[in-house]
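**Student:** Numbering (the numbering used here), first residue to last: 19 to 321. Virtual Cβ for every residue (Gly too), placed ideally from N, Cα, C. Once you've had a glance at the structure underneath, I'll fire off some questions.
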Ligand code: SF4
């Protein structure tokens, strides 16, 4: 693998939810946005993106001069698939002063129809910066949208009814049960989780103050926190990276079953084949890429 990477002048970027053996061969690990930014910094000409398709698309949009490959083009995402772009287009026509905010888990075509792209780390800042009299369409994650609506108290915010099928399973009841079992543990929740505002409202009553963090935020937090034990409410793949970077900490998954079948389509064999054969090239149509890039770049002012 190492020889092939050098021969091809390639880097391997892997998402935090990837299989351990794929994480082990990666040059960089991170969430989708951090990986796209790493892609922009690298001098390598070829990028093998071990993640799901929209992430590789985002990397391709931000790096038009580099060849971005995905080891399996079937690695999709239930959030991305939930969006009906024709509806978004109609919403724009019905609300000429409206603002469309798209979570980064969207296709290039959806991003191209949006004013802002956001991540779970900055979506609150993005929505807060939109004048309160302007209607907002937030898509596609309903749990993240409800969390933002609750935090901003904004009434004129339409929330798309999409969900990540993995995080949807992480309900308030499930998380509550684990939190009761480990009362000394700190609870870290990804805002895509189905417990959403219920956790925000109910857990403090039990003396549990959850922290809502992006996956990258979770990794950083576990490393610097003085606590020893953590409950991790997101896809379990991240625990492998956390354990390596914070070896003294005890990490308890909120659900052992929180495993993304799309992420796990990327195997070590497919990464190798991708590197060897230059497959599968991720190409975004130039006009879509131009508009999607503008929405992504508007987000960077909120980093
Ligand atoms: S974990 Fe959820 S949001 Fe992430 S790729 Fe899988 S389905 Fe999409």
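In three-state terms, what does DSSP make of residue 97?
**Tutor:** The answer is helix: DSSP assigns residue 97 an H, G or I state.
**Student:** On the criterion of 16 or more Cβ atoms from any shown chain inside 10 Å, does residue 29 qualify as buried, or is it exposed?
**Tutor:** Classification for residue 29: buried.
**Student:** What I want to know is whether the C-beta of residue 70 ends up closer than 7 Å to one or more non-hydrogen atoms of the ligand SF4.
**Tutor:** Answer for residue 70: yes, Cβ within range of the ligand SF4.
**Student:** Please report how far the alpha carbon of residue 229 lies from the alpha carbon of residue 212, in whole angstroms.
**Tutor:** Taking the straight line joining both Cα atoms gives about 15 Å.
**Student:** Below 8 Å, how does it come out for the stretch 157-172 and the stretch 195-205: are there three or more Cβ pairs, yes or no?
**Tutor:** Flag = no, the stretch 157-172 and the stretch 195-205 do not touch.
**Student:** So residue 235 is in the alpha helix (DSSP H); what residue range does that whole segment cover?
**Tutor:** Residues 233-242.
**Student:** Do residue 259 and residue 237 have their C-beta atoms closer together than 8 Å?
**Tutor:** Yes, the Cβ-Cβ distance between residue 259 and residue 237 is below 8 Å.
**Student:** Heavy atom of the ligand SF4 less than 7 Å from the Cβ of residue 185, yes or no?
**Tutor:** Indeed, a heavy atom of the ligand SF4 lies less than 7 Å from the Cβ.
**Student:** Determine contact between the stretch 72-91 and the stretch 290-308, defined as no fewer than three beta-carbon pairs at a distance below 8 Å.
**Tutor:** The stretch 72-91 vs the stretch 290-308: in contact.
**Student:** Please determine, among 309, 267, 292, 170, the residue with the shortest C-alpha to C-alpha distance to residue 23.
**Tutor:** Of the listed residues, the one whose Cα sits closest to residue 23 is 292.
**Student:** Quickly, what does DSSP pair residue 32 with across the bridge? List them, please.
**Tutor:** In the DSSP output, where bridge partners are listed per residue, residue 32 has 47, 68.
**Student:** Does the Cβ of residue 283 lie closer than 7 Å to at least one heavy atom of the ligand SF4?
**Tutor:** No - the ligand SF4 has no heavy atom lying nearer than 7 Å to the Cβ of residue 283.
**Student:** Let me check one thing: in DSSP terms, what residues is residue 159 bridge-paired to?
**Tutor:** In DSSP, residue 159 forms a bridge with 180.
**Student:** Name the two residues that bound the continuous beta strand (DSSP E) containing residue 293.
**Tutor:** That residue, residue 293, is in no beta strand (DSSP E); its alpha helix (DSSP H) goes 286-295.
**Student:** Is the distance from the Cβ of residue 89 to the Cβ of residue 70 below 8 Å?
**Tutor:** In this structure, residue 70 does not lie closer than 8 Å to residue 89 by Cβ.
**Student:** Could you spell out where the alpha helix (DSSP H) holding residue 315 opens and where it closes?
**Tutor:** Note, residue 315: alpha helix (DSSP H), 304-317.
**Student:** Does the distance between the C-beta of residue 141 and the nearest non-hydrogen atom of the ligand SF4 fall short of 7 Å?
**Tutor:** No, Cβ of residue 141 sits at least 7 Å from all heavy atoms of the ligand SF4.
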